[in-house]
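Below is one structure; the comments refer to it alone.
Numbering (the working numbering), first residue to last: 256 to 328.
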């Protein structure tokens, strides 16, 4: 069952790695990586986010950094 769920999620939910995108530029700054990833969503035309319409954001993570980045978004 789980492999099917995993495949389903990956087909509809983009996975973005803050570490992959920003670790080389900002080593040891996990909180900044995550904030930059959330902020970059506004600029990425693939997501088509509209600031005036977006009312909810689900942050999946188990650390303080994810929660803080979500709040700053």
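For glycine and all other residues, C-beta sits at the position ideal for the given N, C-alpha and C. It should be emphasised that the depicted structure is a prediction, and the values quoted were computed from it without experimental measurement.
Once DSSP output is grouped into helix, strand and coil, what is the label at residue i?
i           : result
residue 251 : What the structure shows of the chain is the stretch from 256 to 328, and residue 251 is not part of that stretch, so it cannot be assessed.
residue 278 : coil
residue 316 : coil
residue 272 : coil
residue 387 : Shown here, the chain extends from 256 to 328; a query on residue 387 therefore has no answer.
By Cβ distance, which residues of its chain are closer than 8 Å to residue i, with the 5 residues on each side in sequence left out?
i           : result
residue 277 : 284, 287, 288, 291 and 292
residue 304 : 296 and 297
Please work out which residues of its chain come closer than 6 Å, Cβ to Cβ, to residue i, disregarding the five sequence neighbours upstream and downstream, and give them in chain order.
i           : result
residue 324 : 289, 290 and 293
residue 271 : 292
Among the options, which one has its Cα closest to the Cα of residue i?
i           : options               : result
residue 306 : 313, 296, 314 and 315 : 296
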